[in-house]
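Taken in order, the sequence shown gives residues 13 to 652; the numbers are from the numbering used here.
For each residue, glycine too, the CB sits at the ideal point set by N, CA and C.
Keep in mind it's a predicted model, so treat the numbers as computed, not measured.
Have a look at the structure below before the remarks.
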Amino acid sequence: MSKFVYLVPLFPLIGFLINGLGRKAMTKSMISIIGCGVMLASFVVSVLVFFDVKEHGATVVNLFSFIKAYSFQVPFAFQVDQLSSLFLLIITGIGFLIHLYSAAYMHEEEEQHFGRYFAYLNLFVFSMLLLVLGANYVIMFIGWEGVGLCSYLLIGFWFKNDQYNYAAKKAFVMNRIGDLGFLLAVFWLIFKLGTVSYGDVFANIDKLSDLDITAITLLLFVGAMGKSAQLPLYTWLPDAMAGPTPVSALIHAATMVTAGIYMIARSNILYTLAPVSQTVVAIVGLATAIFAATIALKQNDIKKVLAYSTVSQLGYMFLGLGVGAYTGAVFHVMTHAFFKALLFLGAGSVIHAMHHEQDIRKMGGLKKHMPITHITFLLACLAIAGIPPFSGFFSKDEILMAAYNSNPLYYYVGMAGALMTAFYMFRLYTMTFLGSFRGTHEQEHHLHESPSAMTIPLIVLAVLSVLGGFVGIPEVFASDAHSLEHFLAPIFAESAKIQHGHHLSHTQEYMMMGVSTILIIGIILFAVSKFKKTQAQQTESSGIAKLLENKWYVDELYDTVIVKPLHLLSVFLKNIVEKSGIDGAVNGVGKLVGYGSRQLRLLQSGQVGNYLLIMVMIMIVFVLIWFNDLTIMNFLKKLF
Numbered sequence: 013m014s015k016f017v018y019l020v021p022l023f024p025l026i027g028f029l030i031n032g033l034g035r036k037a038m039t040k041s042m043i044s045i046i047g048c049g050v051m052l053a054s055f056v057v058s059v060l061v062f063f064d065v066k067e068h069g070a071t072v073v074n075l076f077s078f079i080k081a082y083s084f085q086v087p088f089a090f091q092v093d094q095l096s097s098l099f100l101l102i103i104t105g106i107g108f109l110i111h112l113y114s115a116a117y118m119h120e121e122e123e124q125h126f127g128r129y130f131a132y133l134n135l136f137v138f139s140m141l142l143l144v145l146g147a148n149y150v151i152m153f154i155g156w157e158g159v160g161l162c163s164y165l166l167i168g169f170w171f172k173n174d175q176y177n178y179a180a181k182k183a184f185v186m187n188r189i190g191d192l193g194f195l196l197a198v199f200w201l202i203f204k205l206g207t208v209s210y211g212d213v214f215a216n217i218d219k220l221s222d223l224d225i226t227a228i229t230l231l232l233f234v235g236a237m238g239k240s241a242q243l244p245l246y247t248w249l250p251d252a253m254a255g256p257t258p259v260s261a262l263i264h265a266a267t268m269v270t271a272g273i274y275m276i277a278r279s280n281i282l283y284t285l286a287p288v289s290q291t292v293v294a295i296v297g298l299a300t301a302i303f304a305a306t307i308a309l310k311q312n313d314i315k316k317v318l319a320y321s322t323v324s325q326l327g328y329m330f331l332g333l334g335v336g337a338y339t340g341a342v343f344h345v346m347t348h349a350f351f352k353a354l355l356f357l358g359a360g361s362v363i364h365a366m367h368h369e370q371d372i373r374k375m376g377g378l379k380k381h382m383p384i385t386h387i388t389f390l391l392a393c394l395a396i397a398g399i400p401p402f403s404g405f406f407s408k409d410e411i412l413m414a415a416y417n418s419n420p421l422y423y424y425v426g427m428a429g430a431l432m433t434a435f436y437m438f439r440l441y442t443m444t445f446l447g448s449f450r451g452t453h454e455q456e457h458h459l460h461e462s463p464s465a466m467t468i469p470l471i472v473l474a475v476l477s478v479l480g481g482f483v484g485i486p487e488v489f490a491s492d493a494h495s496l497e498h499f500l501a502p503i504f505a506e507s508a509k510i511q512h513g514h515h516l517s518h519t520q521e522y523m524m525m526g527v528s529t530i531l532i533i534g535i536i537l538f539a540v541s542k543f544k545k546t547q548a549q550q551t552e553s554s555g556i557a558k559l560l561e562n563k564w565y566v567d568e569l570y571d572t573v574i575v576k577p578l579h580l581l582s583v584f585l586k587n588i589v590e591k592s593g594i595d596g597a598v599n600g601v602g603k604l605v606g607y608g609s610r611q612l613r614l615l616q617s618g619q620v621g622n623y624l625l626i627m628v629m630i631m632i633v634f635v636l637i638w639f640n641d642l643t644i645m646n647f648l649k650k651l652f
């Protein structure tokens, strides 16, 4: 079945072409059937590929020669193994649910815009599938750039709003910064090894010096920082909320932001051999997790809270990668896809019911009006908070335990972030669903549960958020029960041989789990009691609260330190260098030629006597030049 893996990205590509080219001629029903149908077909093939890999192992499917220059070759090939097949299930499965949800959420759009939306979604998924299936860094980079382009198109989907266009451009530009690092790493590999195929790179890794490996991994991490929104390249992700809510779910849950995690997991042997790079990855990830969590504590836009939550959770994934817990990081990618997609789609359901209101201070009491959205959202909050036995508990615990084995300080800081996660998520839940309604009477009158096309994906994702963690049961609960670790073992086998770490005793692990769970439950109860009676009137924040509400003023800092100086430089280059310098020189040459021609034409007086005089004078000049040349030549002959 693996030889038919090309069908997985091909179906979304076909959907993109049909919906994109026929968007003005087709009905919304036809557009949504095609858009969702190709995703379902892709998911079915992904399931078959997954079981084929599970039974027969990994393989590389060569489709055709993509680049061939002398001895350097880049095949257009797909890497079908445990890691890529798992990501195929996540991308196509969550992607299909988001497409299905979108059919109802975006139904108010005009036919052509509805078709444009589904075309962009299909192209986005195609690019992400190309990224994870590529058997070399060049094919990965094509998909990498594809998701960057599609994020620009989807974030700026409502392009008549200048703020949305600015957010789209911001995402595009900040991703380009990271992409430069990725490109330099690929060029470095080509220069040193003459290949970019995973198998050849990892087989010839002994030809790279320690400096080469460290430089390559750090450059790859720069690319991951941009795509997966790590400090300092994270500010585009919260602004990506400008796009439709299903787009936010797609970008934040199963696709684009996990690209950096996938790339480092795929390159795990390189990072294992570069301890400096691993330390950098762990520290940046942990700093991002804490920094984003502090901002989420005081955000009032329902989507902005979830956006900063995503940045924070991505930080935990990088912490796992940095301490060598590659399986734990991939595990958290999977569970995060379940509960974060559920949270965003649940938020979309709330926004839909509130007639596009996103301020949680104007919500409250939605529990009785939206029972399905409420219960699924609550389950997602419990999962992300890390309450056992929900999925987030198992994946986050695996990362934190590995962090403790690497450096206990990582664990304690990471635990602080987990407590903040529980607080801001249940602040969000309480202010949205509990207490009394704080919106307008008109909004309250129209409150209703979302249609089944929106609630069915919520229910499916809720089930996955509750049960998804049982594929990674830790050794402390049951011996040899971590199915995901066994499945991914061939991918991380070489790294496992190199890494040497001590393991906690079961008693200590039980104690740490118990203490963390009690603390998280305490934080949840505190958040619920604190915000349940929130009133509509809000006092203006001050001090640290105001600092957090304004996101540590990082955007303002970037604007002052980077954007405004660049703007001033561009004005200088435009008005001084280009207009006065380059244009001045070009125009000056033209003016000089014009002036010279105007003066020379005065010689054409029409008087024959003047012409004869000029002719004689020129002949005298030629004779003098000829005489001088002879004199100089004779002088040189005598001299030498």
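Beta-carbon gap between residue i and residue j smaller than 9 Å
i: HIS344; j: ILE411; result: yes
i: ILE151; j: PHE90; result: yes
i: PRO383; j: THR529; result: no
i: GLY69; j: PRO502; result: yes
i: LEU161; j: PHE184; result: yes
i: ASP409; j: ILE372; result: no
i: LEU496; j: THR339; result: yes
i: LEU446; j: PHE543; result: yes
i: VAL137; j: LEU230; result: no
i: PHE406; j: PHE351; result: no
i: LEU245; j: GLY358; result: no
i: GLU369; j: GLN455; result: yes
i: LEU298; j: GLY398; result: no
i: ILE273; j: SER240; result: yes
i: ASN148; j: SER209; result: yes
For residue i, the three-state DSSP class (helix, strand or coil)
i: GLN242; result: coil
i: ILE106; result: helix
i: GLY332; result: helix
i: THR39; result: coil
i: PHE449; result: coil
i: THR247; result: coil
i: GLN311; result: coil
i: SER324; result: helix
i: LYS545; result: coil
i: GLY146; result: strand
i: GLN91; result: strand
i: VAL213; result: helix
i: PHE76; result: strand
i: THR207; result: coil
i: GLN85; result: strand
i: THR9; result: Residue 9 lies beyond the range of the chain shown here (13 to 652); nothing can be said about it.
i: THR529; result: helix
i: THR267; result: coil
Whole-Å CB distance - residue i paired with residue j, under 8 Å assumed
i: LEU354; j: SER462; result: Not a contact, Cβ separation roughly 13 Å.
i: PHE55; j: PHE108; result: 5 Å
i: GLN94; j: LEU500; result: 5 Å
i: ALA277; j: VAL342; result: 6 Å
i: MET253; j: LYS315; result: 4 Å
i: MET346; j: GLY480; result: 7 Å
i: VAL59; j: LEU19; result: Not quite, the Cβ-Cβ distance comes to about 12 Å (not below 8 Å), so this is no contact.
i: ALA414; j: GLY336; result: 7 Å
Residue from the options whose Cα sits closest to the Cα of residue i
i: ALA261; options: MET42, SER554 and LEU473; result: LEU473
i: ILE228; options: MET466, GLY105 and LEU192; result: LEU192
i: VAL296; options: HIS368, ALA236, GLN520 and LEU243; result: LEU243
i: PHE84; options: SER139, LEU22, ILE202 and LEU142; result: ILE202
i: GLY32; options: TYR132, VAL488, GLU122 and TYR117; result: TYR132
i: LYS181; options: LEU135, GLU67, VAL293 and TRP248; result: TRP248
i: PHE389; options: LEU231, ARG439, LEU585 and GLU487; result: ARG439
i: ILE43; options: SER14, ALA299, GLU122 and GLU561; result: GLU122
i: ILE26; options: VAL598, LEU52 and LEU298; result: LEU52
i: TYR117; options: THR467, VAL208 and VAL583; result: THR467
i: GLY404; options: TYR328, HIS386 and LEU101; result: TYR328
i: ARG188; options: GLU506, GLY235, SER554 and LEU282; result: GLY235
i: GLY505; options: LEU560, LEU282, VAL362 and ASP567; result: According to the sequence shown, residue 505 is Ala rather than Gly. For the residues LEU560, LEU282, VAL362 and ASP567, the minimum Cα distance to ALA505 belongs to LEU282.
i: GLY451; options: GLY429, TRP638, VAL601 and GLY377; result: GLY377
Residue-chain proximity (residue i, chain D), Cβ-Cβ < 9 Å
i: LEU201; result: The structure shown contains no chain D; it is built from a single protein chain.
If we require 4 or more residues per run, which alpha helix (DSSP H) segments fall completely within the segment 335-375? The alpha helix (DSSP H) runs lying completely inside the segment 335-375 and spanning 4 residues or more are 338-365, given in chain order.
Whole alpha helix (DSSP H) runs in the segment 499-524 with 4 or more residues, listed along the chain? 505-510
Which whole runs of the alpha helix (DSSP H) in the segment 566-601 are 4 residues long or more, in chain order? Within the segment 566-601, the complete alpha helix (DSSP H) runs of at least 4 residues are 566-570 and 576-584.
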